[in-house]
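Number of protein chains: 4
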Amino acid sequence: MAKSKYEYVKQFERETVFLPHTWLVVRIDGQGFHRFTATHDFEKPNDLRALELMNRCARGVFDQVGGICFAYGESDEYSFVVHENSQYFNRREAKLVSSIVSLFTSLYVFYWPTVFPDRQLKYPPSFDGRIVCYPTEAILRDYLAWRQVDCHINNLYNTCFWTLVQSGKSTVDAERELMGTLSADKNEMLFTKFGINYNKLPSIFRKGSIIVRDYVEEEHTDKATGEIRKKRKMRTVVVHEDIIKNKFWEQRPHILGKK
Amino acid sequence: MAKSKYEYVKQFERETVFLPHTWLVVRIDGQGFHRFTATHDFEKPNDLRALELMNRCARGVFDQVGGICFAYGESDEYSFVVHENSQYFNRREAKLVSSIVSLFTSLYVFYWPTVFPDRQLKYPPSFDGRIVCYPTEAILRDYLAWRQVDCHINNLYNTCFWTLVQSGKSTVDAERELMGTLSADKNEMLFTKFGINYNKLPSIFRKGSIIVRDYVEEEHTDKATGEIRKKRKMRTVVVHEDIIKNKFWEQRPHILGKK
Amino acid sequence: MAKSKYEYVKQFERETVFLPHTWLVVRIDGQGFHRFTATHDFEKPNDLRALELMNRCARGVFDQVGGICFAYGESDEYSFVVHENSQYFNRREAKLVSSIVSLFTSLYVFYWPTVFPDRQLKYPPSFDGRIVCYPTEAILRDYLAWRQVDCHINNLYNTCFWTLVQSGKSTVDAERELMGTLSADKNEMLFTKFGINYNKLPSIFRKGSIIVRDYVEEEHTDKATGEIRKKRKMRTVVVHEDIIKNKFWEQRPHILGKK
Amino acid sequence: MAKSKYEYVKQFERETVFLPHTWLVVRIDGQGFHRFTATHDFEKPNDLRALELMNRCARGVFDQVGGICFAYGESDEYSFVVHENSQYFNRREAKLVSSIVSLFTSLYVFYWPTVFPDRQLKYPPSFDGRIVCYPTEAILRDYLAWRQVDCHINNLYNTCFWTLVQSGKSTVDAERELMGTLSADKNEMLFTKFGINYNKLPSIFRKGSIIVRDYVEEEHTDKATGEIRKKRKMRTVVVHEDIIKNKFWEQRPHILGKK
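Protein chains in written order, with the numbering used here: chain A, 1 to 259; chain B, 1001 to 1259; chain C, 2001 to 2259; chain D, 3001 to 3259.
So this is what it looks like as structure tokens:
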């Protein structure tokens, strides 16, 4: 069987390999999630369990795919940062994007029954992915700030919109009422009309979710003495903090530091 | 909130857009399926239900993602051919690869309980994907021939190997016995030692699986007369035929023809 | 001297390598030739010597750079076709473009005094270059037709424009008179107003210039008998024919044929 | 004339556009300069006029092509640094490479008779070009250090080699004598055998040539008073200094600074 006769077709394969010493961001996005969230009765403006499912999947990707040092998620999207020093998959675009998007999707369907024991998955969801290369840490930080600002703007809007709708307005009227309003107006409206202090809402909604490896104090029982001791361990954690200002990064210099 | 301040980071996004009038092949591959098939007790050399699950997922991708005119699968891989005239996703690499690999994975986990009601999915599987561009139909045909030859060679080898093992040989001895043998030797061995006529084995194992849209005769009952009439309808079908020779293609000129 | 310390910077080099079995066109264009032709008093609408200089340079490129099977020039641009089977420079984009544009430019300055012995080169001209990949011979033929149609349209317009100007019109009036006219109108105007039969003008102006290797009959004197014999030899030739219709190509199947 | 019928071929054009905020280096190299220098009797190990011609051409490119903030040359190669903030040619690869290599070549042939009035150019030289993208200033600095180290190593070797040859050794014997020697050995050999203090040789040979815009003191005569005044002006200058250490850059923060 003349196998070799056809093998020349491998010469048509091309690889995009990203430059060394650059930061790579793989961002995945739910495809058609407008319909998906409607079909599966997600709570509005935020469905806490749906966000927890996203975080669980992202954590799986974070722990299994090499080279990822940071992840940020909001709504139906997640950004995974591949460290500038990572050589995982030799920095090949197709491998990085397809592996991350595939594993994330797999985890989503896999964990659905655990997170939503009462709600059946009606059809299989899918995500698309892309990869963007950022040459410096400063620009990467701006990328992450861009996503967190996006989370804030969307969440503030959606909180107002759904509060209005839940108070009896039609969606058209709610939309009209919010048109042209600034952040301050929206905060004011929530507070005066509905007694909602936006800044007291759960930070997972306002700040999105951050996955990093960080030092955590854990208690260990000394087997010999029975004494309880605290030890600092490096663990994967999910937090909901401001990543626009410097404080978060100054407290965790190991995240973006040289590996 | 100075959204605009960070939006410049979008300028770093790059798109690979494939040339018009070229054939695109998205090939997906199971990641770490050696371990996955072992953990999930797949039958050797072929697990029919596992192949049917692959085909079911591929069929879902075939029907949902635009521009795909042909798909070919064997083992834990599947190739999807995007027609040279397709403008789906504007021929953007990241969108095509990530959407197909994500949907395929989602379907795999989603349909698992249906196909394997008796076997629990122990951990979420993942696939990687790549896209290759072929400039002419002739070279595309050589690509598909390459995959079908690969299917044949692997299946003949695996059939011999597992037959020897099931007959009591150790895996090391089976491997040694097959070393350096030609196709003819392997056919001979199966026939004389084990009474197996290789060419009579199921074609899904020997030829792999092909998904196309094809004309199918369907019976319709005329509501007025109650008469049963045959109608030719275009349907998505899965077949297991030779795609190396011309016959398959000559019988179905619509598959690769101008759209 | 720690040479190795810095050599890692080579890892940042990237190569664009074109797909096998595709046609590559390197097109070069004069940069700022509006000013260049004005400064050097080129005749209008066509300067025959300037075109001959372009052809001479293109011929030098054609003969020195590997893999080129066809070249087409008009005005201050030239297209070089790299054969689909060529492996020259391993089909690397930067090598192909830079070598061709550099050699062409070098020849232009080098041959200037020979072609224009009476006119000094006042400043060094430059060209830019790009490379485009065409997947099939049919599309390559369309590319070449596109350029020859462009040559025809521009030349017909320029011939009318400069004939009007030379007859005493201002450039503004000449432009206005031609606005909205069709090819037929322009032919008619040249004939009735100025007695010019456009189709009798030199084909180098109307058709552009084509460089190919072709069979040429040459006379050889037999040294023994003194007899003159005709021999067919393959030579690089410059011709000015129609390349849109099939005839040119049917007469010369070796040009685009398999190598 | 159906122009539009063929214009679809423009859809095949692709542009590589470099990432914003990255440093681009266009490096050009003489093609076949071994033969070129032999044919044109260049002095060994260094021909001062040939280097001056290279510098003159590089200076022309530096002054005419936008976005270049630094250039470094040695032997028959030159590197042009496009500033990270430059938007010239929209950072398109083909435009940048082809324009720079074409203009450089044009200047080389154009200025040849001025620099070598006694030596005719026997055939047209050509250069190839490539472009490399560096994400940070630190890595760009390492690139430039790499080239200057290369200049030093080659020049020390060539100085020894040609001194040995000029002292009567065959080229084979000279090569053998230098095999395996370290820098210190070569310096020692030049000094003890030939009385040459390598560090006293012209810095253009040892350090290569650097082109930058820098502040230069110029004398101006005040028209009113006739007084001579010194003014600092920004001028394009060619220098031959160390660019590996920080001093050069600390003295000229404007070169790589934000534009």
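Every residue, glycine too, gets a C-beta built ideally from N, C-alpha and C.
| For A:H240 and A:L256, the rounded distance between their alpha carbons | Stepping through the first sequence from its first residue, residue 256 of chain A is reached at position 256. Stepping through the first sequence from its first residue, residue 240 of chain A is reached at position 240. In a straight line, the C-alpha of A:L256 is about 18 Å away from that of A:H240.
| Boundaries (first-last residue) of the beta strand (DSSP E) holding A:K231 | Stepping through the first sequence from its first residue, residue 231 of chain A is reached at position 231. Element bounds for A:K231: 228 to 239.
| message | Within 10 Å of its beta-carbon, does B:K1005 have 16 or more other beta-carbons around it, so buried, or fewer, so exposed? | response | In the second sequence, residue 1005 of chain B corresponds to position 5, counting from 1. B:K1005 comes out exposed.
| Between B:Y1251 and B:K1207, which are expected to be in contact by the criterion C-beta below 8 Å, what is the C-beta distance as a whole number of angstroms? | Locating residue 1251 of chain B in the second sequence gives position 251, counting from the first residue. Locating residue 1207 of chain B in the second sequence gives position 207, counting from the first residue. The sequence given here places Gln at residue 1251 of chain B; Tyr does not occur at that position. For B:Q1251 against B:K1207, the beta-carbon gap comes to about 15 Å, at or over 8 Å, which does not count as contact.
| request: Below 7 Å between beta carbons is the criterion; list the residues of the stretch 3096 to 3127 of chain D that meet it against any residue of chain B, in chain order. | output: Those would be none; no residue qualifies.
| request: Report the three-state DSSP secondary structure of A:L24 (helix, strand or coil). | output: As a working mapping, residue 24 of chain A is identified with position 24 in the first sequence. It is a strand residue.
| Span separating the alpha-carbon of D:L3053 from that of B:N1085 | The residue labelled residue 3053 of chain D in the question sits at position 53 within the fourth sequence. The residue labelled residue 1085 of chain B in the question sits at position 85 within the second sequence. Taking the straight line from one Cα to the other gives about 53 Å.
| said: Run through the DSSP bridge pairs and tell me what A:V216 is partnered with. | reply: In the first sequence, counting from the first residue as 1, residue 216 of chain A sits at position 216. DSSP lists A:K233 as partners of A:V216.
| request: Pull up the distance between the alpha-carbon of C:K2230 and that of C:G2060, whole angstroms please. | output: Within the third sequence, the letter at position 230 stands for residue 2230 of chain C. Within the third sequence, the letter at position 60 stands for residue 2060 of chain C. In this model, C:K2230 and C:G2060 are separated by some 27 Å (Cα to Cα).
| said: Taking only three categories from DSSP, how would you classify D:A3058? | reply: Working through the fourth sequence from its first residue, we reach residue 3058 of chain D at position 58. Correct three-state label for D:A3058: helix.
| Measuring CA to CA, which of C:R2130, C:Y2078, C:D2047, C:D2214 is closest to C:K2249? | Within the third sequence, numbered from 1, the residue matching residue 2249 of chain C stands at position 249. Reading off the sequence shown, one finds Trp at residue 2249 of chain C, where the question assumed Lys. In this structure, C:D2214 is the residue among C:R2130, C:Y2078, C:D2047, C:D2214 with its C-alpha nearest to the C-alpha of C:W2249.
| request: Please work out which residues of its chain come closer than 6 Å, Cβ to Cβ, to B:W1162, disregarding the five sequence neighbours upstream and downstream, and give them in chain order. | output: Position 162 of the second sequence holds residue 1162 of chain B. In its chain, beyond the 5 residues on either side, K1044, P1045 have a beta carbon closer than 6 Å to the beta carbon of B:W1162.
| message | Here's the rule: buried if 16 or more other CB atoms are within 10 angstroms of the residue's CB, otherwise exposed. What is D:G3129? | response | For the purposes of this step, residue 3129 of chain D is taken as residue 129 along the fourth sequence, with counting starting at 1. Label assigned to D:G3129: buried.
| said: Between which residues of its own chain and D:F3062 is the CB-CB distance below 8 Å, once the five residues before and five after are set aside? | reply: Taking the first residue of the fourth sequence as position 1, residue 3062 of chain D is located at position 62. Leaving aside the five residues that flank D:F3062 on each side, the residues in its chain whose CB is nearer than 8 Å to its CB run, in chain order, I3068, A3071, F3080, I3211, T3236.
| message | I need the straight-line Cα distance from C:Q2011 to D:L3096, nearest angstrom please. | response | Position 11 of the third sequence, counting from 1, holds the residue named residue 2011 of chain C. Position 96 of the fourth sequence, counting from 1, holds the residue named residue 3096 of chain D. If you take the alpha carbons of C:Q2011 and D:L3096, they lie about 21 Å apart.
| message | At the level of alpha carbons, what is the spacing between A:M1 and B:H1152? | response | The residue labelled residue 1 of chain A in the question sits at position 1 within the first sequence. The residue labelled residue 1152 of chain B in the question sits at position 152 within the second sequence. Low per-residue confidence applies at A:M1: pLDDT is 44, beneath 50, and the placement is therefore not dependable enough to give any value.
| Buried/exposed call for B:I1244, threshold 16 Cβ in 10 Å | By one-based count along the second sequence, residue 1244 of chain B stands at place 244. By the 10 Å Cβ count, B:I1244 comes out buried.
| query | Is the stretch 3173 to 3187 of chain D touching the stretch 3222 to 3229 of chain D, taking contact as three or more C-beta pairs under 8 Å? | reply | Flag = no, the stretch 3173 to 3187 of chain D and the stretch 3222 to 3229 of chain D do not touch.
| query | For A:L19, which residues in chain D fall below 9 Å Cβ to Cβ? | reply | Translated into positions along the first sequence, residue 19 of chain A becomes position 19. Neighbourhood of A:L19 in chain D, by CB distance below 9 Å: L3019, T3022, C3133, Y3134, P3135, in chain order.
| Going along chain C, which residues have a C-beta under 9 Å from D:W3146? | By 1-based counting over the fourth sequence, the position of residue 3146 of chain D is 146. Neighbours of D:W3146 in chain C, taken as residues at a C-beta separation under 9 Å, are given in chain order as K2003, K2005, Y2006, E2007, Y2008, V2009, K2010.
| field | CA nearest to the CA of D:T3171, picked from D:N3158, D:S3183, D:T3181 | value | By 1-based counting over the fourth sequence, the position of residue 3171 of chain D is 171. Closest option to D:T3171, Cα to Cα, is D:N3158.
| Alpha carbon to alpha carbon, how far is B:E1015 from B:R1056? | Locating residue 1015 of chain B in the second sequence gives position 15, counting from the first residue. Locating residue 1056 of chain B in the second sequence gives position 56, counting from the first residue. Annotation: B:E1015 to B:R1056 spans about 31 Å, alpha carbon to alpha carbon.
| task | Taking 7 Å as the cut-off, decide whether the C-beta atoms of D:F3104 and D:I3028 are in contact. | result | Here residue 3104 of chain D refers to the residue found at position 104 of the fourth sequence. Here residue 3028 of chain D refers to the residue found at position 28 of the fourth sequence. It is a contact, given that the beta carbons lie within the stated cut-off.
| In this structure, what does DSSP give as the bridge partners for D:V3109? | Here the question's residue 3109 of chain D lines up with position 109 in the fourth sequence. Partner(s): none; D:V3109 has no beta bridge.
| message | Strictly under 7 Å for the Cβ-Cβ distance: is D:G3129 near chain C by that measure? | response | For the purposes of this step, residue 3129 of chain D is taken as the residue at position 129 of the fourth sequence. At least one chain C Cβ lies under 7 Å of D:G3129.
| Looking at C-alpha atoms only, which residue of D:D3173, D:R3049, D:C3133, D:V3216 is the closest neighbour of D:M3234? | Counting from 1 along the fourth sequence, the entry for residue 3234 of chain D is found at position 234. Nearest option by C-alpha distance: D:V3216.
| task | Can you give me the Cβ contacts of D:W3112 inside the same chain, cut-off strictly under 6 Å, excluding the 5 residues immediately before and after it? | result | The count along the fourth sequence starts at 1 and reaches residue 3112 of chain D at position 112. Contacts found: L3121.
| task | Following the continuous alpha helix (DSSP H) through C:Y2078, name the residue where it begins and the one where it ends. | result | As a working mapping, residue 2078 of chain C is identified with position 78 in the third sequence. No alpha helix (DSSP H) contains C:Y2078, which is instead part of the beta strand (DSSP E) from 2077 to 2082.
| request: Examine chain A for any beta-carbon lying closer than 7 Å to the beta-carbon of B:E1241, and answer yes or no. | output: The residue you call residue 1241 of chain B lines up with position 241 of the second sequence. Nearest CB-CB separation between B:E1241 and chain A: not below the 7 Å threshold.
| Whose C-beta lies closer than 6 Å to the C-beta of B:A1145 among residues of the same chain, with five residues either side of it excluded? | For the purposes of this step, residue 1145 of chain B is identified with residue 145 of the second sequence, where counting begins at 1. Excluding sequence neighbours, B:A1145 sits near I1244.
| said: Assuming A:N154 and A:S106 are in contact, meaning their beta carbons sit under 8 Å apart, how far apart are those beta carbons, in whole angstroms? | reply: Along the first sequence, read from residue 1 onward, the residue named residue 154 of chain A stands at position 154. Along the first sequence, read from residue 1 onward, the residue named residue 106 of chain A stands at position 106. Rounded, the Cβ-Cβ distance is 27 Å, inconsistent with contact.
| request: Report the rounded CA-to-CA distance for A:T22 versus D:R3092, giving the unit in angstroms. | output: Translated into positions along the first sequence, residue 22 of chain A becomes position 22. Translated into positions along the fourth sequence, residue 3092 of chain D becomes position 92. Whole-angstrom Cα-Cα distance: 20 Å.
| task | Starting from C:A2071, follow its DSSP beta bridges and name the residues at the other end. | result | Taking the first residue of the third sequence as position 1, residue 2071 of chain C is located at position 71. Checking the DSSP bridge columns, you'll see C:A2071 partnered with C:F2080, C:I2211.
| query | If the cut is a Cβ gap below 7 Å, which residues of chain E does A:Q31 touch? | reply | Here the protein chains are A, B, C and D, and chain E is not one of them.
| request: Say whether chain A places a C-beta atom closer than 7 Å to the C-beta of B:E1250. | output: Translated into the one-based positions of the second sequence, residue 1250 of chain B becomes position 250. No - not a single Cβ of chain A is within 7 Å of the one on B:E1250.
| query | Nearest to B:S1203 by CA position, among B:G1032, B:V1017, B:L1051, is which residue? | reply | Counted from its first residue, the second sequence places residue 1203 of chain B at position 203. When only C-alpha atoms are compared, the closest one is B:L1051.
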